[in-house]
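Asks: This structure is in structure tokens; I'll ask about it shortly.
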Amino acid sequence: MYNCFLISYRNRHLLVDTGRKNSWKKLTRELDGLGVTGGSLSGLILTHSHYDHVENAANIKKKYNTRIIIHKREADYLRQGENPVIHGITFFSKFITERLSRKYLTRFCRYQPVDGDILVEDRYDLSLFGFNGYIIHTPGHSPGSTSIIIENEIAMVGDAMFG
3 MYNCFLISYR NRHLLVDTGR KNSWKKLTRE LDGLGVTGGS LSGLILTHSH YDHVENAANI
63 KKKYNTRIII HKREADYLRQ GENPVIHGIT FFSKFITERL SRKYLTRFCR YQPVDGDILV
123 EDRYDLSLFG FNGYIIHTPG HSPGSTSIII ENEIAMVGDA MFG
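Just so you know, the sequence shown maps onto residues 3 to 165 in this note's numbering.
Laid out in structure tokens, this is it:
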């Protein structure tokens, strides 16, 4: 299961994650139906670089002429179309995730490489895009996982499992 979110304010939009490539038609149909255009999609925020969050990133960047925002620790994975290995923090989660990650994620879950345009470190202010919010580094699930905080009320977390 995967999700993506659209944050909208005064005809400006930020897309959070893109889902799997098999959701491309539905995703773009929904975005287009909401009036999202290349001029109004201010950015694509990727919470981390696992395939189920980024498989449509290169195509979104191209179709909507937008910038990709990602944590600097995920940027090389995105550029190479690779998944960072999930490590886990407990004995059980380490045992399961490292074996599955190395066998499955690194071999079969590659995606179209694309460059990130804005690299986040600890915190990134979204007021530059006209939004009252920010991106924060929340490592655990992957080395550069991030979360988005909107108006100090809403938190969007890409994945928190095994972190």
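Virtual Cβ for every residue (Gly too), placed ideally from N, Cα, C.
1) Under the rule that 16 or more other beta-carbon atoms within 10 Å means buried, what is residue 64, buried or exposed?
2) May I have the straight-line CA-CA distance separating residue 3 from residue 80, to the nearest angstrom?
3) Taking the alpha-carbon positions, what's the residue 128 to residue 18 distance?
4) How long is the line joining the alpha carbons of residue 8 and residue 16, rounded to whole angstroms?
5) Does the distance from the C-beta atom of residue 40 to that of residue 11 stay below 9 Å?
6) Along the chain, where does the alpha helix (DSSP H) that runs through residue 54 open and close?
7) What three-state label does DSSP hand residue 68 in the structure shown?
8) For residue 43, does the count of other Cβ atoms within 10 angstroms reach 16, so buried, or fall short, so exposed?
9) Would you identify the three-state DSSP class for residue 112, choosing helix, strand or coil?
10) Roughly how many angstroms lie between the CA atoms of residue 2 and residue 158, to the nearest whole one?
11) By Cβ distance below 6 Å, which residues in the same chain neighbour residue 119 in space, the five residues on each side in sequence not counted?
Replies: By the coordinates alone:
1) Reading the sequence shown from its first residue, position 62 is the one you call residue 64. By the neighbour-count rule (16 or more Cβ atoms within 10 Å), residue 64 is not buried but exposed.
2) Within the sequence shown, numbered from 1, the residue matching residue 3 stands at position 1. Within the sequence shown, numbered from 1, the residue matching residue 80 stands at position 78. Reliability fails at residue 3, whose pLDDT of 48 lies under 50, so the model's placement of it is uncertain and the value that follows must be treated cautiously. Between residue 3 and residue 80, the C-alpha separation is close to 20 Å.
3) Start at 1 with the first residue of the sequence shown, and residue 128 comes out as number 126. Start at 1 with the first residue of the sequence shown, and residue 18 comes out as number 16. When rounded, the distance between both Cα atoms is 13 Å.
4) Along the sequence shown, read from residue 1 onward, the residue named residue 8 stands at position 6. Along the sequence shown, read from residue 1 onward, the residue named residue 16 stands at position 14. So the alpha carbons of these two residues sit roughly 6 Å apart.
5) Reading the sequence shown from its first residue, position 38 is the one you call residue 40. Reading the sequence shown from its first residue, position 9 is the one you call residue 11. No.
6) Here the question's residue 54 lines up with position 52 in the sequence shown. Annotation: the continuous alpha helix (DSSP H) that includes residue 54 extends over 53 to 56.
7) Here residue 68 is taken as the residue at index 66 of the sequence shown, counted from 1. Coil, per DSSP.
8) For the purposes of this step, residue 43 is taken as residue 41 along the sequence shown, with counting starting at 1. Under this definition residue 43 is a buried residue.
9) Translated into positions along the sequence shown, residue 112 becomes position 110. DSSP, read as helix, strand or coil, puts residue 112 in coil.
10) Absent from the structure is residue 2, since the part of the chain shown begins at 3 and ends at 165.
11) Position 117 of the sequence shown, counted from the start, is the residue given in the question as residue 119. Answer for residue 119: 69 and 70, listed in chain order.
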